[in-house]
Structures are given as structure tokens and as C-alpha cells.
Amino acid sequence: MIARRDTRSYLWPLVFTGLGGLGLWCMRIEPAIHGVPLDFEQHVQAARLSDGSRLRTTYTGLAPVDQTLSFLVLAFADGAFGFDPAVKLQHLHFLLNFFSLICIWNVEAYRLQNSNKSIRFPGTWAIFYQTIAGAAVVPLYYAAWFFPSSSAASSSTTTSKSARDKESLEVPLTKAKAILPSAIIFYLIPTLTMYLIFQNNTTTAAWTKQGLIAYWQFSPIFVSAAIPLISQLVSSRASRHLSTDHHLKRIYTVAFGLSALAHFYVFFVCYTTTQSNRGANSSNSHGDPTVAAAPPLTLYRVFVPDRTLWRESLTGGLHYIFQCDWWVIYAASLLWSCVVATDVQCNAANKTHGQKDRSSEARLLAANLVKIVGLAALFGPGAALAAVWWWKEEAERDSMLRLRTT
């Protein structure tokens, strides 16, 4: 899909820039005004995690880098160590669904139509969203995505429009082959390791886990850096007659399955824990009144920011910030996918009928938004994004085939 040079090329960047500003307010500005998270800097200075255990402060031997990593490790530790089950579930859902964004961003980086845009450097974007705030930076990536590229226009004198459109959508076969293994090795495996391994509280395990958390901060950067290297190891010939489209769809299928599994897992744990707590509370209704009921592990507590709890503890404040991060990133991502899907449909219709209908386009945008949000509610936001991009590859290929026949 080539961005069209009309008012939408500037409307959507403004919308996503506004969402980035909202994310910055929710994650950085407002919490700082209210002293949230509670005593965060004091914990870093004292080298203590929220449970009182030791915070690792040495990772690379470079003082500025180690100090930044200490802040990030403290922020992620409550989820990775499981100090609060709701925080751990939210982190798992958040980061496993983010696998779809990692894959899709790297796919888009290698399309010719994006060769003159800043989005061709997803690793650079990762540096900023990992250190500043995902909710502030991710929407800005989408704003940059909508700015029109001059690469297609510059080639208009030498190639036909249909050939130019097809070429602009192409992803090199070797890169299409390399994206999925790179994302699995450098992002997915470290994420699962960080949250699911080294769960005991021994000093060695805690030290190792904090090292994994520190390493994970670089993982999206490593994914992008490894793709050119891995692509050198794979053949440029289509294996078993598998096209580039097949490899791209494999990426989206894996991303969809992973996001859906994470989504179902969180829902399952919340449901079974709620039922267990009801049984425990019922059995203790006539028991010892000094026994405090465990905090309820509900979907509301996992996903919904609660300002009544954000200043109760360091954990509560960090959980609030991560929840805001989740909402803004995935709201922006779903809106982006909705606009992209609508644009693909409208481009196909314009090529077929040679006319634009803004009113029908608005209705199509609204209908797509309902479908995509519904898909995200059922399977997770990462799954919805992967499904849209799977459909996008198919729709654009069919559009090119129709153009050839006409």
C-alpha cells in the first residue's frame, strides 16, 4: 500500500502524534507530578527490589549504561520475579503480543515503498521505545509510517504504475526468510526465559534473572540487527517453490498463534484463580478472621489502570504505568491496522473503478475498526495485527493479479 498524497497523509500523522503525547503524559509526566511509582529512585540508590532483595547494579561495566539498566530491571522485576501475579500476567500478555509488532515492523522495513522513511530502521525506534516510553514512541512510528515516500514517484518515468506498485510492495526473499527466526531467537526466547525460568529465590537465580532482564532491553534491537546476518545464511532461491508471500504468511501465522495463546492463558488463569478464591473465601467465612484474603486476580486488576492503587506501593505504581503503556500502544496499533486495511481496500477499488467515494470509505473504516477490535478482544491485539497483515498480503497480491489480467 502506497500512501496517497492527500489530506489523510497529514491527518493520520497528527492523530498518532496526539496519541504519542497522550502516552507520554500517562507514562512519564503525570506519574512524575504525583510521585509515582513510590520511592522508585530510592530503591535504585539503595540497590533493593520491591521485596527488599538485592538489585543488581553491574551489567556491562559502563556506569551510565549500568545505571539505566538498573532502572529498567527494577521496573520489570515485579513481573519477572512474580512478586505480584497480576503484574506477571500483564507483562506476559503485553510482551508476547508485542511479538507481532516486532515482526510486522521488520517486514515493513524491507519494503521498497518504505526505503526513504524512518520506519526502515526499527532497531533505532526500539532504542527509544525501550528507554523513553513505548506509549510515547510507538504512535510516532505510525505517524512516520503515513508520511508519503518519494521513492515510487521518482521511478514513475521509467516504469509502469502497475509494475511500480508491485515492486514497491516486495520484500526480499532472504529477508522474509530471516525475520521469523531472528524474532524467535532474539526476542521470543529471551522473553519466555525472563518470565518462566529461574523462579526460585536463590542468590544465583536472582542474579541471573536480573541479567536476563537487562539483556531483554536490547532484544528488539538485536532482532533487527540479526536479520541481515541471518539472511546471508539462507538461500535466495525459493525453497520447495515457496514464495516470499508464503514466508511472510508464516510469520503472521506464528505471531497470531503466540498472541492468541498468551491471551487465552491470561484469561484462563484469571478465571480459575477467581473460582479458587471464591472457594477459599467460602471455606474461611467461619474460620480465623485474622487470615487476610488474597488480592483478587481478575482481568480488571490485570489490565485496567487504577489510580486508587498507584501510590500504595512501588509495585502498584509500576503496574499502573505498564497498564497505560499497554492501552496506548495497542490502541494505536489497532487503529493503524484499521487505517491500513481500509487503505488497501480503497486502493483496490480505485484501481478497479477509477473513482473515490469518501463517504463509503468512512463507513468502511468504521466497519473495519469494529471487526479488528472484536478480533483483538477474542484473540489478543497482537493476533489482530497479525491477522490484518496476513489478509493484507493476500489482498495486495490479488489486486496485482487483477491488474495484470486487465
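In the working numbering, the protein residues as written are 1075 to 1480.
All residues carry an ideal CB built from backbone N, CA and C; glycine is no exception.
Fair warning: this is a prediction, and the values are worked out from it, not measured in the lab.
Residue span of the alpha helix (DSSP H) that contains residue i, given as start and end
| i | result |
| --- | --- |
| TRP1099 | Careful: TRP1099 lies outside any alpha helix (DSSP H) and carries neither H nor E. |
| ARG1375 | 1373-1377 |
| ILE1287 | 1277-1290 |
| PRO1138 | 1137-1154 |
| PHE1220 | Taken as a continuous stretch (DSSP letters only), PHE1220 belongs to no alpha helix (DSSP H), as it is neither H nor E. |
| PHE1172 | 1159-1183 |
| ILE1115 | In the sequence under discussion, the amino acid at residue 1115 is Glu, which differs from the Ile named in the question. Element bounds for GLU1115: 1114-1120. |
| PHE1296 | 1293-1305 |
| PHE1202 | 1196-1205 |
| THR1265 | 1263-1270 |
| LYS1191 | Segment: none, LYS1191 is in no alpha helix (DSSP H) and carries neither H nor E. |
| PRO1255 | 1247-1257 |
Whether residue i touches residue j by CB criterion (8 Å)
| i | j | result |
| --- | --- | --- |
| TYR1133 | ALA1279 | no |
| ASP1113 | LEU1392 | no |
| LEU1085 | VAL1118 | no |
| ASN1171 | SER1333 | yes |
| SER1124 | THR1318 | no |
| ALA1209 | ASP1399 | yes |
| SER1439 | CYS1412 | In the sequence as presented, Ser is not what sits at residue 1439; that position holds Leu. Contact flag set, yes. |
| LEU1096 | VAL1378 | no |
| PRO1370 | THR1348 | yes |
| LEU1408 | VAL1447 | yes |
| ALA1329 | PHE1173 | yes |
| TRP1290 | ARG1130 | no |
| LEU1373 | CYS1344 | yes |
| PRO1455 | TYR1394 | no |
| TYR1269 | ALA1457 | no |
| GLU1244 | LEU1186 | yes |
| VAL1181 | LYS1251 | no |
| TRP1464 | TYR1326 | yes |
| ILE1176 | PRO1294 | yes |
| VAL1340 | VAL1297 | no |
| GLN1204 | GLN1397 | no |
| PHE1272 | LYS1283 | yes |
| VAL1462 | ALA1415 | yes |
| ALA1137 | ARG1128 | no |
| VAL1418 | ALA1469 | yes |
| SER1305 | THR1267 | no |
Nearest-angstrom beta carbon gap, residue j and residue i [assumed within contact, 8 Å]
| i | j | result |
| --- | --- | --- |
| VAL1211 | PHE1221 | The pair is not a contact, with the Cβ atoms about 16 Å apart (cut-off 8 Å). |
| ILE1178 | LEU1459 | 6 Å |
| PHE1195 | ALA1406 | Contact flag wrong, Cβ pair sits at about 19 Å. |
| TYR1184 | TRP1199 | Wrong, their Cβ atoms sit about 15 Å apart, outside the cutoff. |
| ALA1207 | ARG1102 | 6 Å |
| ARG1324 | VAL1110 | Not a contact, Cβ separation roughly 42 Å. |
| LEU1093 | PRO1213 | 4 Å |
8 Å Cβ cutoff, residue i in contact with chain C
| i | result |
| --- | --- |
| VAL1462 | The chain labelled as chain C is not found in the depicted structure, where only one protein chain is given. |
- Using 8 Å as the threshold, is the segment 1252-1267 in touch with the segment 1190-1206, meaning 3 or more CB pairs across them? no
- Message: Would you call the segment 1292-1306 in contact with the segment 1153-1170, where contact means no fewer than 3 C-beta pairs closer than 8 Å?
- Response: no
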